[in-house]
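Keeping their order, the protein sequence lines are chains A and B. Going by the working numbering, the first residue of the first sequence is number 276, and it counts up by one from there. Going by the working numbering, the first residue of the second sequence is number 6, and it counts up by one from there.
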Amino acid sequence: MKKYWHVVGIGIQNNLTYRVNYLTRTLFSFIPLFAMLSLWRTIYAGQGGAISGYTMAQMISYYLLVAVVDVLTAVNEDDWQIAADIREGNISQFLLKPVDYLWFRLGLFFSGRIAFMAVALVPLTVFIACFGHYFVLPVNGTACLAFLVSLVLTALLQFFISYAMAMLAFWVLEVSTFIFILFAFEYIASGHMFPLDVLPPMLKHALFFTPFPYQMYFPVSIYMGKIAGADLWQGLFIQAGWVLLAYAFARFMWNRGVRHYGAFGG
Amino acid sequence: MARLEDDMIPPEARSRKPEDGVARPPSLVARYLGIYGALWKTSVTREMSFKGNFILWIVVELLWFAMQLCFIGVLYLHTNSIGTWTQWQVVLLVGASSFIQQTYQAFFLVNCTNLSELVRTGKMDFLLMLPMNTRFLVSLRQVDLGAFVNAAFAAVVMFYAAGRLHLHPTAAQFFGFLALCLVGILIHYSLMFMLAAISFWTVRAQGIVWGYYNLFNIARMPDEAFRGVFKAVFTFVLPVLLVSNVPTRVLADKLQSPILWLVLLGMGVVCALISEWFWRVSVRRYTSAST
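In structure tokens:
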């Protein structure tokens, strides 16, 4: 266990060398975010009243929370790096050493998030402060605690799914197309683009049979108090289930992949 | 612009004997067209050697385009208009935005993103030594054929939206639209090339594509959603809000005054000039990485 903490430590140092990159990334991502907020404001101005149970203030705080959750949990370049490791034969050493590649990558993933958070903290806080009066605190202590638990589960879910996807590199040369296709679905179905409540109820209901809402919509809704009571506990339970399933799938893909692996250049 | 000298003509052009027996160098335009033809040929060969991947990239782009249309569909479940923009006008806008972006992507995008790699590995040396305009070569080395397919899809969506709007554009509107699309492509290219030229300063510039997509993300949003400083910046500094909004307004009879397309045209020229200036300053900073 200790060796993986070591990985986190080294990972943070490595990641912090890209702080300018992270900073520009964060700053550039404010442009579409701000545009989205303006778009909704215009819609609310022409509309008057709530949309699917969201007041304008709630809609804006939804998007701000999405930005926060995204910084904390999104897989950044991990899937690309894993695929490159496989393609270039760097994983050979992990087959020989007593280090598990999945835990090793998870350590790097967390260190990446910590480093990104450290860099994004200031600009994100400034941005949110500009919309200060729309940003709400969690409705109560339970929501706050459940949000934090759900946040960790979201991060794990994101990571295991990306890890499993990157395993495709054992079979195909270019995995980026597959990653982008999955990302497109994640982007719209996870609630990144809009809160899932604005969808027709049937569609929203159907989406909850997929892992996607648990990658973004679920933690944000807990925070905002849209999901509470029995639904909250049930949801957390299902989210944990998806995490375990994604973990098992990631392991399965790795085991199949290693059997297929030819150690090119290794 | 590199002036054409006798010793700058490629060997194959020199050895080719003109029928009338007089050794005459081909005109500048013909020479560059010939070079561009050769670049096309290698691009087609390259793309066709990874057919599966070629098709998958088309699917990826189509999926993202479909997603934007879904988003519009969802928005208009809850409202009848954004500012004065109706649903099918916004679909037309998203279509035009995608059409411009994909056409730009077909010719320029890969080359712009490759620039930082050329600088990092020192391959720029080789390109700088070739007897031709370096910017021409750097900008047009590869052609992304899949993007033409996606541009065609965007055109289909635009035709459909125009049908739903019962638009009957006059010839002037139609050609005006196409001409403004060209200006839009020029703006895309100029801004992106400037972003890419930053790599002469920082070397590690992977965030460029990321920045580009974020920036042009807002090109497909109706301009009336924005006000104040934001609108001013993205109209007069980085004119992405004009790129697809103005052509769409021309096509959809939404143009209140001709000032808008004059502004677009003017910003196009300004962007192109600044980008050329920035390119020249940047190249001067180039210190080869390999030696």
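Positions of the beta carbon are idealized from the N, C-alpha and C atoms, including for glycine.
So what's residue i in DSSP terms, helix, strand or just coil?
i      : result
Y337/A : helix
W90/B  : strand
Y81/B  : coil
I502/A : coil
Y329/A : strand
G532/A : helix
M129/B : helix
T348/A : helix
S293/B : coil
G537/A : coil
S103/B : helix
M468/A : coil
A525/A : helix
How far does the alpha helix (DSSP H) with residue i in it reach, from first residue to last?
i      : result
V286/B : 264-289
Y489/A : Here Y489/A belongs to no alpha helix (DSSP H), and DSSP marks it neither H nor E.
K479/A : 476-482
S313/A : 294-322
E449/A : Careful: E449/A lies outside any alpha helix (DSSP H) and carries neither H nor E.
H281/A : 277-291
V424/A : 416-441
S48/B  : 33-53
Looking at C-alpha atoms only, which residue of the options is the closest neighbour of residue i?
i      : options                        : result
A320/A : Y109/B, V162/B, M137/B, H83/B  : H83/B
R146/B : L132/B, H193/B, L260/B         : L132/B
W4/B   : A277/B, R254/B, C276/B, V275/B : Residue 4/B lies beyond the stretch modelled for chain B, which goes from 6 to 296, so this question has no answer here.
L396/A : W517/A, S367/A, V343/A         : V343/A
V346/A : I436/A, F384/A, R531/A         : F384/A
H281/A : L302/A, Y536/A, R380/A, I513/A : R380/A
A441/A : A358/A, Y297/A, S496/A, A505/A : A358/A
V64/B  : Y279/A, T417/A, V283/A, S451/A : S451/A
K479/A : N296/A, A515/A, S327/A, V414/A : S327/A
A237/B : V214/B, F198/B, P263/B, V268/B : V268/B
Y337/A : L312/A, N289/A, V350/A, V533/A : L312/A
V274/B : G189/B, Y217/B, G216/B, A224/B : G189/B
V411/A : I497/A, G323/A, I306/A         : I497/A
Q433/A : S465/A, I285/A, P413/A         : S465/A
R232/A : D472/A, K372/A, I454/A, F445/A : The requested residue 232/A does not occur in the structure, where chain A is confined to residues 276 to 541.
L114/B : S86/B, V34/B, S293/B, I192/B   : I192/B
Y37/B  : R290/B, R140/B, L278/B, N222/B : R140/B
Q107/B : F153/B, S144/B, P227/B, A176/B : F153/B
I306/A : S280/B, V245/B, V251/B         : V245/B
V162/B : L120/B, I60/B, L67/B           : L67/B
W69/B  : F512/A, Y536/A, Y462/A, L482/A : Y462/A
A525/A : M468/A, L423/A, L377/A, L482/A : L377/A
A111/B : N138/B, A157/B, L74/B, C75/B   : A157/B
F469/A : N289/A, I285/A, G324/A, Q333/A : Q333/A
G286/A : H408/A, F391/A, A349/A, L443/A : F391/A
Under the rule that 16 or more other beta-carbon atoms within 10 Å means buried, what is residue i, buried or exposed?
i      : result
H171/B : exposed
C419/A : exposed
W529/A : buried
M134/B : exposed
R294/A : exposed
T296/B : Interpretation of T296/B is limited by its pLDDT of 48, a score under 50 that renders its predicted location unreliable; no figure is taken from the coordinates.
M276/A : exposed
L183/B : exposed
G387/A : buried
R531/A : exposed
V34/B  : exposed
E352/A : exposed
W284/B : buried
A293/B : Residue identity differs from the one stated: residue 293/B is Ser in this sequence, not Ala. When all chains shown are included, S293/B counts as exposed.
Q92/B  : buried
P494/A : buried
Q94/B  : buried
S425/A : buried
G26/B  : With a pLDDT of only 49 at G26/B, under the threshold of 50, the placement of this residue in the model should not be trusted; the figure read from the coordinates follows. By the neighbour-count rule (16 or more Cβ atoms within 10 Å), G26/B is not buried but exposed.
With hydrogens ignored, establish whether the beta-carbon of residue i is closer than 7 Å to any heavy atom of the ligand SAM.
i      : result
A166/B : Ligands are entirely absent from the displayed structure, and the ligand SAM is therefore not among its contents.
May I have a chain-ordered list of the alpha helix (DSSP H) segments no shorter than 4 residues that lie completely inside the stretch 355-411 of chain A?
367-371, 376-405
Threshold first: 3 residues or longer. Then list the beta strand (DSSP E) segments lying entirely within the stretch 203-266 of chain B, N to C.
none
Within the stretch 133-193 of chain B, ranges of the alpha helix (DSSP H) (whole runs, at least 4 residues):
139-145, 150-169
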